[in-house]
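There are 2 protein chains.
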Amino acid sequence: MEPILEDLEQAEGLAALQSASEEIRDHYGVDHVVYHWVDSAGDQYGCGTYSDTWRDRYLEQNYLRVDPVILGCFQRFHPVDWKRLDWSSKPARTFQAEAIAHGVGNQGFSVPIRGPNGQFALFTTSHSCDDDTWATWTEAHRRDLILIAHTFNEKALEFEPDRAPEQSQALSPREVDAMTFLAMGYSRAQVADTLSISEHTLRVYIESARFKLGAMNTTHAVARAMSRGLIVV
Amino acid sequence: MEPILEDLEQAEGLAALQSASEEIRDHYGVDHVVYHWVDSAGDQYGCGTYSDTWRDRYLEQNYLRVDPVILGCFQRFHPVDWKRLDWSSKPARTFQAEAIAHGVGNQGFSVPIRGPNGQFALFTTSHSCDDDTWATWTEAHRRDLILIAHTFNEKALEFEPDRAPEQSQALSPREVDAMTFLAMGYSRAQVADTLSISEHTLRVYIESARFKLGAMNTTHAVARAMSRGLIVV
DNA sequence: TGCTCCCTCGCTATTTCTGGGGAGGGGAAA
DNA sequence: TTTCCCCTCCCCAGAAATAGCGAGGGAGCA
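Protein chains in written order, with this note's numbering: chain A, 62 to 294; chain B, 62 to 294.
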């Protein structure tokens with residue numbers, strides 16, 4: 062495990078991630094290893110050992126919205142065996158049949174990963190074998206897979222600096238208070254009351270925060286403060 | 062490392078997490094080990110080895126809004142050494158001085174952790190020593206700490222299902238559009254124009270999104286949609 | 001001593017948002 | 001086939017936010 066993870070940690074560029082996934086597949090002797098970044102907007106980026114035809118088919122059919130692996134992992138924190146997901150719906154079943162026909166294993170294990178700004182990605186290993194063999198294998202390598210997933214995402218974020226929230230002037234404590242309570246749904250009057258200041262004073266904070274954040278209105282200011290990590294809600 | 066992580070994996074109940082953090086502290090010989098869950102409402106839950114007085118002071122002063130560790134980790138994916146955070150603002154400085162006076166080490170290393178529906182938590186180790194010693198230690202145990210952080214969060218989610226942010230009904234595509242443009246600072250008229258629908262129709266979307274998200278007003282709805290990862294801005 | 005930034009408070013007018021109704025067509029699932 | 005949700009459009013009145021002026025005290029810095 063150690064040298065595999067170190068190779069990954071030293072990868073430079075997206076191409077290196079691709080070859081790292083092949084290396085990991087060979088090291089563990091599984092059929093497939095895939096890192097899949099899912100943007101909430103629906104955009105996707107991935108690297109791994111699935112066939113091109115399957116990947117194209119997946120994108121073309123927008124299976125993102127159907128894939129029980131995506132849907133299941135999105136609501137979980139812990140890594141999950143594919144057997145524990147809900148494959149009962151009809152679209153899920155046709156998806157599953159097609160996936161297996163394209164060489165995706167009948168067994169799978171996926172680690173959900175989340176980054177700042179709602180980033181979401183999956184690290185998946187899949188294989189063809191019986192349930193017991195797979196259970197033993199995943200149990201043995203569970204920790205490795207979590208660390209590999211983490212490293213993959215770290216690298217992916219590193220190579221895509223667009224995601225980094227732009228720096229902006231820091232907010233004063235009172236401005237942070239104001240933005241925070243507004244994000245919690247309080248009206249101006251309620252916020253002013255909570256902070257024990259006049260509504261006029263509060264307005265000055267909101268306006269100065271809006272100015273600092275380059276925001277057009279209160280909602281925009283709160284959204285920017287959140288996505289830049291200036292407030293925690 | 063192995064037995065420590067296994068103890069943690071077998072912990073049952075919150076009290077066990079508390080004693081696990083003490084065990085981890087002793088095992089690694091650091092001053093403090095803390096797991097800190099930052100709830101979306103601003104409520105917090107944590108367990109760890111900080112003194113009660115410091116914890117109470119932290120809550121009472123609402124240092125959550127000022128703590129550079131929280132704010133810094135919130136924008137990052139990778140674990141972070143406290144030295145690399147921004148301690149320059151005045152509130153941050155006074156916070157830092159007070160933290161050290163309360164026995165929090167001058168060195169620290171925090172792992173951000175994110176779960177479904179915008180859940181966010183931190184796993185922190187802190188210590189008093191010089192920079193080189195700390196750099197060597199964190200480098201040596203970085204992977205362990207990531208796995209411990211992951212396991213802590215898994216356990217916390219398991220034991221406190223109530224705290225897990227309720228997964229809200231999914232938003233319809235139009236509702237997502239509306240929330241997204243509002244988060245970008247557009248007024249209702251602008252959003253309606255952009256989506257080529259009447260402002261009245263737009264309002265229906267905003268209201269249904271607000272209802273689904275349990276939000277009191279537009280700003281609240283946008284904030285919730287963001288923190289639950291339903292929209293990305 | 002100026003300078004800047006933070007915190008606090010005031011008024012008025014205008015624009016925008018919110019809450020209360022209602023209506024019809026389309027698609028997917030049960 | 002019925003039911004449910006999604007998309008689209010409409011009116012009106014009251015509540016809330018925004019824009020434009022203003023003021024002064026305090027802390028920290030060159």
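Backbone N, C-alpha and C define an ideal beta-carbon position, used for all residues, glycine too.
query, result
"Residue of A:GLN180, A:ALA286, A:HIS188, A:ASP147 minimising C-alpha distance to A:VAL130", "A:ASP147"
"Span separating the alpha-carbon of A:PRO140 from that of A:GLN122", "26 Å"
"Endpoints, alpha helix (DSSP H) assigned at A:ALA250", "249-256"
"Amino acids of chain B, ordered along the chain, whose beta-carbon sits closer than 8 Å to that of A:PRO234", "ARG126, VAL127, PRO152"
"Other residues of its chain near A:TRP143: CB distance less than 6 Å, five sequence neighbours each side excluded", "GLY169"
"Neighbour list for B:VAL283 in chain A, Cβ cutoff strictly below 8 Å", "THR280, VAL283, ALA284"
"Of the listed residues A:HIS93, A:SER149, A:GLU159, nearest to A:TYR119 (C-alpha basis)", "A:GLU159"
"Separation of B:THR262 from A:ASN278, as counted between CA atoms", "21 Å"
"Whole-angstrom C-beta distance between B:SER171 and B:THR185, which should lie under 8 Å", "4 Å"
"is_contact[A:VAL294, chain B] using C-beta, thresh 7 Å", "yes"
"Contact belief for A:VAL95 with A:SER82 at Cβ below 8 Å, rounded distance in angstroms", "7 Å"
"Minimum Cβ-Cβ distance from B:ILE207 to chain A less than 7 Å", "yes"
"Distance CB(B:GLY246)-CB(A:ALA276) smaller than 7 Å", "yes"
"Euclidean distance between Cα positions of A:HIS106 and A:SER80", "Residue identity differs from the one stated: residue 106 of chain A is Tyr in this sequence, not His. Going from the Cα of A:TYR106 to the Cα of A:SER80 covers about 15 Å."
"Segments assigned alpha helix (DSSP H), at least 4 residues, entirely inside the stretch 106-152 of chain A", "113-121, 129-135"
"Short CB-CB distance (under 7 Å) between B:ILE131 and chain A", "yes"
"Euclidean distance between Cα positions of A:GLN180 and B:ALA253", "27 Å"
"Cβ-Cβ distance between B:MET240 and B:ALA284 below 7 Å", "no"
"Min CB distance B:ILE259 to chain A below 7 Å", "Inspection of the sequence shows that residue 259 of chain B is occupied by Ser rather than by Ile. It does not: the Cβ of B:SER259 has no partner Cβ on chain A nearer than 7 Å."
"Within-7 Å CB hit, A:VAL237 to chain B", "yes"
"Beta-ladder partner(s) of A:ARG175, from DSSP", "A:PHE181"
"Cut-off 7 Å between Cβ atoms - residues of its own chain near B:ASP68, not counting five sequence neighbours on either side", "ALA81, GLU84"
"Minimum Cβ-Cβ distance from B:SER288 to chain A less than 7 Å", "yes"
"With 16 other Cβ atoms within 10 Å as the buried cut-off, status of A:GLY295", "There is simply no residue 295 of chain A to check, as chain A begins at 62 and stops at 294 in what is shown."
"C-alpha distance - B:TYR266 paired with B:TYR111, whole-angstrom precision", "46 Å"
"Counterpart residues of B:PHE170 in DSSP-defined beta bridges", "B:ASP142, B:THR186"
"Where B:ALA153 falls, given that 16 or more other Cβ within 10 Å makes a residue buried", "buried"
"Any C-beta of chain B under 7 Å from that of A:MET240", "no"
"Burial state of A:LYS151, where buried means 16 or more other Cβ atoms lie within 10 Å", "exposed"
"Near-chain A residues of the stretch 157-180 of chain B - C-beta to any C-beta below 9 Å", "PRO173, ILE174, ARG175, GLY176, PRO177, ASN178, GLY179, GLN180"
"A:HIS163, DSSP secondary structure in three states", "coil"
"Span of the alpha helix (DSSP H) around B:VAL94", "Looking at the DSSP string, B:VAL94 is not in any alpha helix (DSSP H); the run it does join, the beta strand (DSSP E), is 93-99."
"Integer Cβ distance of B:ILE207 from A:HIS211, believed to fall under 8 Å", "6 Å"
"Coil, strand or helix - A:MET240 by DSSP", "helix"
"Of the listed residues B:HIS163, B:ARG145, B:ASN167, B:ARG175, nearest to A:GLN136 (C-alpha basis)", "B:ARG175"
"Contact check, A:ARG289 vs A:ALA282, beta carbons under 7 Å", "no"
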